[in-house]
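Here's the structure, in structure tokens; my notes come after.
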Amino acid sequence: MTTAPPAGAGTAPGAGSRPGMSRAEVRGRATGVGVMAFFGLGWTACGVTDMPVAAGRAVFAAAVLVSVTFAVLGTRRSRAAADAPTDGEPTAARKKKVGLRFGLVVLAEWVAIFAIARALVATDHTEAIPAFVAAVVGIHFFPLARLFGVRAYHFTGAAMCASALAAAVLAPLASTPALWTALPGFGSAAALYATCVHLLRVR
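61 is the number of the first residue of the sequence shown in the working numbering; add one for each residue after it.
Now the structure itself:
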């Protein structure tokens with residue numbers, strides 16, 4: 061998963077928690093809500109993989125409702141940005157610099173995911189792919205937290221890494237293959253949805 065760079069990227073760390081955000085910051089966080097809602101649904105799909113069909117469909121349907129709700133709220137927040145102040149907007153040069161750094165983080169993320177997935181397939185450990193992908197995605201949130209000035213991304217990254225670690229430890233110990241998908245899937249989805257709530261609460 062990647063997180064779209066907020067339009068106000070490059071603000072000082074902690075900007076996501078202060079009042080009176082600029083128009084670009086409001087729109088950026090609204091975009092973040094939409095992106096995380098989409099990937100939250102994707103991780104839920106991973107989580108329900110080994111559930112009974114009926115239960116899995118019910119859980120996924122609930123996640124669809126949650127994701128759509130967040131997407132709508134994010135869109136409303138973006139439209140409301142017209143009333144936000146325009147002072148403190150990043151310069152074109154700053155936006156370009158942040159965009160480049162964001163691109164490098166995303167590139168590193170996808171290269172790591174590809175390499176790890178190939179290694180796991182080659183060693184016949186495909187069941188562990190969701191957990192390792194969740195860990196890589198979680199790690200990519202740490203540089204983004206500083207880059208975008210959104211401290212909550214530290215929580216997002218830590219929660220996703222924790223869900224991956226839980227799967228890596230508990231699935232073999234319990235001899236329950238379903239945990240390889242359920243723990244990183246639901247854990248990552250919960251982390252992303254919780255981040256959506258935080259981004260919508262910040263004004």
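Ideal Cβ placement from N, Cα and C applies to all residues, glycine included.
Owing to the predicted nature of the structure, the values given are computational and were not obtained by experimental measurement.
About 5 Å separates the CB atoms of Leu180 and Ile189; that is less than 8 Å, so the two are in contact.
Taking 9 Å as the cut-off, the beta carbon of Asp110 is found no closer than this to the beta carbon of Ala205. Beyond the five residues adjoining it in sequence on each side, Val193 comes within less than 6 Å, by CB distance, of Ile173 in the same chain, given in chain order. Of the residues assessed, Pro244 falls on the buried side of the cut-off, its CB having 16 or more other CB atoms within 10 angstroms. Counting of Cβ neighbours within 10 angstroms places His200 among the buried residues, the total reaching 16 or more. Spanning the alpha carbons of Glu169 and Ala140 requires a straight line of approximately 33 Å.
Judged by DSSP in its simplified three-state form, Val108 adopts coil rather than helix or strand.
For Ala222, the enclosing alpha helix (DSSP H) has its first and last residue at 212 to 234. Restricting attention to Thr104, Ala121, Ala90, Ala251, the CA atom closest to the CA of Gly198 is found in Ala251. In the structure shown, His200 falls within a helical segment according to DSSP collapsed to helix, strand and coil.
Taking the Cα positions, Cys106 is about 29 Å away from Ser138. Taking 9 Å as the cut-off, the beta carbon of Gly247 is found closer than this to the beta carbon of Ala226. The beta-carbon separation of Arg89 and Leu259, rounded to 5 Å, stays under the 8 Å limit for a contact.
Each residue's CA atom was taken as its position, placing Leu125 and Ala152 some 37 Å apart.
In this structure, DSSP gives Pro190 a helical state, which the three-state scheme calls helix. Counted as a single uninterrupted DSSP element, the alpha helix (DSSP H) harbouring His258 occupies residues 239 to 261. Cβ neighbours of Cys221 within its own chain (closer than 8 Å, five residues either side excluded): Ala194, Ala195, Gly198, Ile199. Between the C-alpha atoms of Leu167 and Leu160 there is a straight-line separation of about 10 Å. Residue burial annotation: Gly163 is exposed, with fewer than 16 other C-beta atoms found within 10 angstroms of its C-beta. Shown here, Gly134 sits in a helix according to DSSP, grouped into three states.
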